Amino acid sequence: MGHFCRVCACSKPNEQFSGKGHKHHICKACSRKPEEERCAIDQENEIVGFMSQSNISGKNIARLHKLKLSTNLRVAELADIALAVARVKPHKKRRLKVLAKEHRALFMKVSESGLIHAHHD
Ligand SMILES: [Zn+2]
């Protein structure tokens, strides 16, 4: 029986987790990564999570405004794209169709950033 690491998104054997890491779902290899890098991965997952919800809520939007200020460029970029999406199509239903048809530039950003994968169940 393995255990899932939320940072590298891998299932690894139990011996690759320390007691504390086990609780926090971080494997030994990832726990050696700098704090900032780990945070960025968590935040990226958080943004992908918002995009995969049926609706991006007001609370999510407030959070995205904070993430947009991240010093991590990838996190800031993803938050910016997610905010732009939330402005035109907060509901996931038909989002990609609407974006592709009416907001082509934004659709390309969603596609290129990889956020498009949040839409595949
Ligand atoms: Zn890991």
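First residue of the sequence shown: 8, per the working numbering; consecutive thereafter.
For each residue, glycine too, the CB sits at the ideal point set by N, CA and C.
Just so it is clear, the structure is predicted and the values come from calculations on it, not from any experiment.
Nearest-angstrom beta carbon gap, residue j and residue i [assumed within contact, 8 Å]
i, j, result
"residue 72", "residue 85", "Their Cβ separation, rounded to whole angstroms, is 13 Å, which puts residue 72 and residue 85 out of contact at 8 Å."
"residue 113", "residue 92", "7 Å"
Beta-carbon proximity list for residue i, same chain, < 7 Å, skipping 5 on both sides
i, result
"residue 88", "116, 117, 120, 122"
"residue 34", "12, 15, 19, 23, 24, 28"
Option nearest residue i by Cα separation, candidates the options
i, options, result
"residue 13", "37, 22, 101, 26", "37"
"residue 21", "47, 114, 108, 10", "10"
"residue 2", "47, 17, 96, 126", "The first residue shown for the chain is 8 and the last is 128, placing residue 2 beyond what the model contains."
"residue 54", "74, 108, 65", "74"
"residue 126", "56, 109, 32", "56"
Buried/exposed call for residue i, threshold 16 Cβ in 10 Å
i, result
"residue 76", "exposed"
"residue 100", "exposed"
"residue 106", "buried"
"residue 67", "buried"
"residue 111", "exposed"
"residue 69", "exposed"
"residue 50", "buried"
"residue 95", "exposed"
"residue 39", "exposed"
"residue 80", "exposed"
Cβ-heavy atom distance, residue i to ligand 2, below 7 Å
i, result
"residue 46", "This structure lacks ligand 2; its bound ligands are ligand 1."
Close Cβ partners of residue i (< 8 Å) along its chain, the five nearest in sequence each way excluded
i, result
"residue 61", "98, 99, 100"
Nonlocal neighbours in the same chain, by C-beta distance under 6 Å from residue i, ignoring five residues either side
i, result
"residue 102", "96"
Check your understanding: What residue ranges within the segment 91–117 form continuous alpha helix (DSSP H) runs of no fewer than 4 residues, ordered along the chain?
Key -> The segment 91–117 contains, as complete alpha helix (DSSP H) runs of 4+ residues, the segments 102–109 (chain order).
Check your understanding: Which ranges would you report for the alpha helix (DSSP H) in the segment 13–75 if only whole runs of at least 4 residues count?
Key -> As far as the segment 13–75 is concerned, its whole alpha helix (DSSP H) runs of at least 4 residues are 26–31, 35–38, 42–59, 65–74.
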